[in-house]
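Here the structure comes first, spelled out in structure tokens, and everything after it is commentary.
Residue numbers (mature numbering (1 follows the signal peptide of the UniProt record, and there is no 0)): -23 to -1, 1 to 298.
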């Protein structure tokens, strides 16, 4: 499969390498975050993140920049977004999107939630990382200056953060999101890796999953435009695994992407007893089911279209002090 990130020759600064003055800068940073200590990493008191600064960024300058918070998939490391940087570089250089800061935290298999296994990843991002970024970088330190992007497991995190913290984020992009409207199958990483209890706790999943957030989200004032893309040939087609029941097509990622999109567009919100709770405006969202799998063939174009969508739907361009 082709990789849309290939063939884009853009100078990159990683760590302390020297490059031309107008090149963007990419570095790996850490902040103190005791919340990240968990059973798998009991000595951890830091949160690592990759930082992308656009060409021309000046910490003491007059320009304030929007920030993309990028949430990786399962097992992600500091290099999880390396294939995306050339795409972002190209879009900025061509004027398709304005210059933007990007912050990509690293939380392993956390599913971007607080857990005893992987530490309090959600707390670390929301309470530690975002304030640190706004205090130390030239950001637009407001809702319209923050957006979310995530692939696979990161898509679960984006769905959760967008619905749980609509006062913090103005738009979101989900690339092949690892969503399940109901309980995930026993083979899913959400069940086997300890993010929702070890052993797995179905009630914990239900508490943190997006259906539990839709109702409260719907009756508050903010709306987060969501851009959702999934491939029709996703390798994670759980319905093709022999140890699952015949109706397992419901677990397919593109099916679940449609379910999430439908939930966002629902105007009549019901409580747990299916009594009508509130009639509310539909949440803005766009859905794409495209040819491709669980890889950059889908994520590269989806990232590009998602960025353009978010800037067209509330994400601020850079501003002058």
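The beta-carbon is built from N, C-alpha and C at its ideal position, and this holds for glycine as well.
Taking 8 angstroms as the cut-off, the Cβ atoms of residue 109 and residue 81 do not count as close. Of all alpha-carbon atoms in 41, 124, 63, the one lying nearest the alpha-carbon of residue 291 is that of 124.
Taking C-beta atoms as the reference points, residue 172 and residue 90 count as a pair closer than 8 angstroms. Proximity to residue 53 across 96, 87, 187 peaks at 87, based on C-alpha coordinates. With a 10 Å radius around the Cβ and a threshold of 16 neighbouring Cβ atoms, residue 298 comes out exposed. CA-CA distance, residue 270 to residue 181, rounds to 29 angstroms.
In this chain, the alpha helix (DSSP H) harbouring residue 191 covers 188 to 195. For the pair residue 51 and residue 160, the Cα-to-Cα distance works out to about 18 angstroms. Taking the CA atoms as reference points, residue 157 sits about 14 angstroms from residue 191. Separation of residue 98 and residue 260 (C-alpha to C-alpha, rounded to the nearest whole angstrom) is 27 angstroms. Residue 85 and residue 211 have their alpha carbons spaced roughly 22 angstroms apart. Nearest in C-alpha terms to residue 104, of all of 36, 186, 24, 243, is 24. A contact is defined here as three or more CB-CB pairs under 8 angstroms, and the segment 115 to 130 meets this definition with respect to the segment 272 to 292.
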